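Engineer: Here's a structure for you.
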Amino acid sequence: MDYKRMIDERNASGYINHLGINVVEIREGYAKTEVEIGDGHINPMGAAHGGLIFSLADVTAGSCANSFGNKASTLNANINFLAPAMKGKKLIGESKLLKMVKL
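The sequence shown begins at 14 in our numbering and counts up one residue at a time.
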């Protein structure tokens with residue numbers, strides 16, 4: 014599997030690139046991403062917009078799911094926001110495969 018190519022393709026993707034999300038690592042069953050919260054990411058309260066955080070989670074999970082060379086898409090997702098992430102902070106996303114089943 015050419016993980017460097019996968020990383021480069023994701024980082025060149027229009028939406029991911031627009032948000033400033035950076036895929037930093039992909040290996041079988043694992044992915045890591047990051048984004049530094051800037052002016053274009055914050056909501057009126059000065060914290061990272063929930064859409065940015067959800068997008069970071071989706072990009073991370075999708076990169077992990079596709080790390081086996083298959084093509085997978087999110088069918089359903091849920092997120093619980095525990096605390097605000099403020100401008101200037103770096104958010105790091107990590108996804109690890111827990112179990113693979115055949116359908």
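Just so it is clear, CB atoms sit at the ideal spot from N, CA and C, and this is done for glycine as well. From a predicted model like this one, the values you see are computed outputs, not experimental measurements.
Return yes when the Cβ of A60 is within less than 8 angstroms of the Cβ of P97, no when it is not.
Structural biologist: yes
Engineer: From which residue to which residue does the alpha helix (DSSP H) around V72 run?
Structural biologist: G63 to A78
Engineer: Taking only the alpha-carbon atoms, compute the straight-line gap between C77 and T87 and give it to the nearest angstrom.
Structural biologist: 12 angstroms
Engineer: With distance defined between alpha-carbon atoms, name the residue in R23, S80 and V36 nearest to I105.
Structural biologist: V36
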